[in-house]
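Here the structure comes first, spelled out in structure tokens, and everything after it is commentary.
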Amino acid sequence: MQDIVEFAEEYFDAAAAHHPERYLALFDEAVVVRDDGRSHHGLTAVRRWHGAGPSVRYTLRHVTGTATACQAVAEIRGDFPGSPVDLRFTFERDQRGKITLLDITA
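In our numbering, the protein residues as written are 4 to 109.
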């Protein structure tokens, strides 16, 4: 499994790119994403959630944890109220490196 900093960089690069398949390839089919008080279960729901968001840019601040459970803090800039904002991304990944849980908080 790749280093957690490499993983975080790959995640934020894919999240900002306009290639949904590249982004979705990072997730397990049964993933749960929690963001803004809502939970999104499975790849279909994550596709809708990600596609509905504004175009943003990420600046990775720091990453801590292990290959299977890590946290990243990133500055998010885009066309949304309160921009820019620092958010914490908590990831759980399976043995294949696929994201099984993503929790995004302020």
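Each residue gets a CB set at the ideal place from its N, CA and C atoms; glycine is no exception.
Cβ contact annotation for residue 53 (same chain, cutoff 7 Å, sequence separation greater than five): 23 and 26, in chain order. Listed in chain order, the non-local C-beta contacts of residue 8 below 6 Å within the same chain comprise 66, local neighbours out to five positions each way being set aside. Within the stretch 75 to 108, the beta strand (DSSP E) runs of at least 3 residues that lie entirely inside it are, in chain order, 88 to 96 and 102 to 108. DSSP, read as helix, strand or coil, puts residue 69 in coil.
Excluding the 5 residues flanking it on each side, residue 44 has same chain C-beta neighbours closer than 6 Å at 35, in chain order.
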